[in-house]
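K.L.:
Quick one: the structure is below, questions incoming.
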Amino acid sequence: IVGHQRSCTCDLFYSHISGMLVSLECLRETPLIDIKQQLFTEARKYPLYHLLQEESCYIFVGVTQEAEREEFYDETRRLCDLRLFHPILKVIEPIGNREEKILNREIGFAIGMPVCEFELLKDAEVQEFRRSILSVCREAVEEREAGGAHSQALYVYPPNVETSPELPLHLYQRLDQGRLIVTIWVIVSPSNSKQKYTLKVSHSSLPEQLIAESIRKKSRSMHLSPQQLRLCVQEYQGQYILKTPLRHVRQRQHPRHRQGQSVCHLSMS
3 IVGHQRSCTC
13 DLFYSHISGM
23 LVSLECLRET
33 PLIDIKQQLF
43 TEARKYPLYH
53 LLQEESCYIF
63 VGVTQEAERE
73 EFYDETRRLC
83 DLRLFHPILK
93 VIEPIGNREE
103 KILNREIGFA
113 IGMPVCEFEL
123 LKDAEVQEFR
133 RSILSVCREA
143 VEEREAGGAH
153 SQALYVYPPN
163 VETSPELPLH
173 LYQRLDQGRL
183 IVTIWVIVSP
193 SNSKQKYTLK
203 VSHSSLPEQL
213 IAESIRKKSR
223 SMHLSPQQLR
233 LCVQEYQGQY
243 ILKTPLRHVR
253 QRQHPRHRQG
263 QSVCHLSMS
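All residue numbers for the sequence shown refer to my numbering, where the first residue is 3 and numbers rise by one.
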């Protein structure tokens, strides 16, 4: 395994169900998931194959160069990365909590020692830290449970929000004093004729405000009084829907789009 040869022979000892020793020849860089697939393909030729479960029900176990028995849950690891004492792997059904063992392994890599050895440490500073962090975790759990279902949902599905309601500076600098140029095409049914309007609105404008501003600009040629214009906006604002072809805009990457101009379609709902 640790030599320079490109391939090696790996002896795989089957689980207690069949108790077979299967020899496979594979590359040192072969990941465990490919070795497992190759093993189960070869196992079809052996007795008691019908007693085996799905491939995902088994894991590999081996003895490392540190003379420690290790269970390999990460099947993306390559054979040469396992640092086996001898190229022999055993296939077993995992015992205990799989997620907990994976977490303990990751913690062991982070702290530079197995979790079982860390738990045996009698250092006063380590024990005090473990007590304090446990207290912090308990307080967080109690606070989350006290918040009810909404708090639980926020924990499982945390919202992706900005830390500040203000627009980031690198985006604000691309606007014209905080205003955004929006091009609106008003689609009139049933003829599907289009009328184009260009609006200069605040970057914080809502879709309803864009629709209302489009109706105001469309109604200017009608020379309505302020009262009539307000009634016209109230009457027709709910009859239109704003459509933004974002995917199309991103693909075209028109220079005007990069300079803070957006394109929208306004059609009857």
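Ideal placement from N, C-alpha and C gives every residue a C-beta, glycine not left out.
Given the structure is predicted, the values throughout are model-derived calculations rather than measurements.
#1: Between L26 and K92, what straight-line distance do the alpha-carbon atoms span, to the nearest angstrom?
#2: For the structure I just gave you, are there three or more beta carbon pairs, one from the stretch 174-182 and one from the stretch 148-162, closer than 8 Å?
#3: So which of S207, P49, C28 and R85 has the shortest CA-CA distance to L169?
#4: Could you work out which residue in R218, I217, T185 and S193 is closest to K202 when comparing CA atoms only?
#5: Measuring only the C-alpha atoms, how far is I90 from H52?
#6: Run the CB neighbour count on K47, radius 10 Å, all protein chains shown included, and call it buried at 16 or more, exposed below.
#7: Around the C-beta of Y242, are 16 or more other C-beta atoms found within 10 angstroms, so that it is buried, or is it exposed?
#8: Can you list the beta strand (DSSP E) stretches of 3 or more residues lying completely in the stretch 160-220, in chain order?
#9: Under the three-state reduction of DSSP, which class applies to Q229: helix, strand or coil?
#10: Does the Cβ of V24 have 16 or more other Cβ atoms within 10 Å, making it buried, or fewer, making it exposed?
#11: Any idea which residues DSSP pairs G150 with across the strands?
#12: Between the stretch 107-122 and the stretch 53-60, are three or more C-beta pairs nearer than 8 Å?
#13: Using the Cα positions of R132 and V117, report the straight-line distance between them to the nearest angstrom.
#14: Just to confirm my understanding: we take G21, look at its own chain, exclude 5 residues before and 5 after, and list those with CB closer than 6 Å. What are they?
#15: Evaluate K245 with the Cβ neighbour count: other Cβ atoms within 10 Å of its Cβ, from every protein chain shown; 16 or more gives buried, anything less gives exposed.
#16: For R30, which option in Y75, H88 and R71 has the closest C-alpha, if you only look at C-alpha atoms?
#17: If you follow the beta strand (DSSP E) that K103 is part of, which residue opens it and which one closes it?
P.N.:
Based on what the coordinates show:
#1: Within the sequence shown, the letter at position 24 stands for residue 26. Within the sequence shown, the letter at position 90 stands for residue 92. When rounded, the separation of the alpha-carbon atoms in L26 and K92 is 13 Å.
#2: As far as the Cβ criterion goes, the stretch 174-182 does not touch the stretch 148-162, which means the pair count is below three.
#3: Your numbering for residue 169 matches position 167 in the sequence shown. Each of S207, P49, C28 and R85 was checked against the Cα of L169, and the nearest Cα belongs to S207.
#4: Within the sequence shown, the letter at position 200 stands for residue 202. Of R218, I217, T185 and S193, the residue nearest in Cα terms is T185.
#5: Residue mapping note: residue 90 aligns to position 88 of the sequence shown, counting from 1. Residue mapping note: residue 52 aligns to position 50 of the sequence shown, counting from 1. Approximately 24 Å between the Cα atoms of the pair.
#6: Residue mapping note: residue 47 aligns to position 45 of the sequence shown, counting from 1. Here K47 is exposed. Its C-beta has fewer than 16 other C-beta atoms within 10 Å.
#7: By 1-based counting over the sequence shown, the position of residue 242 is 240. With 16 or more other CB atoms across the displayed protein chains lying within 10 angstroms of its CB, Y242 is buried.
#8: Listed in chain order, they are 181-190 and 195-204.
#9: For this step, residue 229 is matched to residue 227 along the sequence shown. Of the three classes helix, strand and coil, the one that applies to Q229 here is helix, per DSSP.
#10: Translated into positions along the sequence shown, residue 24 becomes position 22. In this structure V24 is buried. Its beta-carbon is surrounded by 16 or more other beta-carbon atoms within 10 angstroms.
#11: One-based indexing of the sequence shown puts residue 150 at position 148. Beta-bridge pairing links G150 to no other residue.
#12: No, because fewer than three Cβ pairs between the stretch 107-122 and the stretch 53-60 fall closer than 8 Å, the two stretches do not touch.
#13: On the sequence shown, position 130 is the one that residue 132 refers to. On the sequence shown, position 115 is the one that residue 117 refers to. Going by C-alpha positions, R132 is about 13 Å away from V117.
#14: Counting from one through the sequence shown, the residue named residue 21 turns up at place 19. Excluding sequence positions up to five before and after G21, its CB lies less than 6 Å from no other CB in the same chain.
#15: Translated into the one-based positions of the sequence shown, residue 245 becomes position 243. By the neighbour-count rule (16 or more Cβ atoms within 10 Å), K245 is not buried but exposed.
#16: Counting from 1 along the sequence shown, the entry for residue 30 is found at position 28. Closest in alpha carbon position to R30, among Y75, H88 and R71, is H88.
#17: Within the sequence shown, residue 103 is the residue found at index 101, counting from 1. No beta strand (DSSP E) holds K103; the alpha helix (DSSP H) holding it covers R100 to I113.
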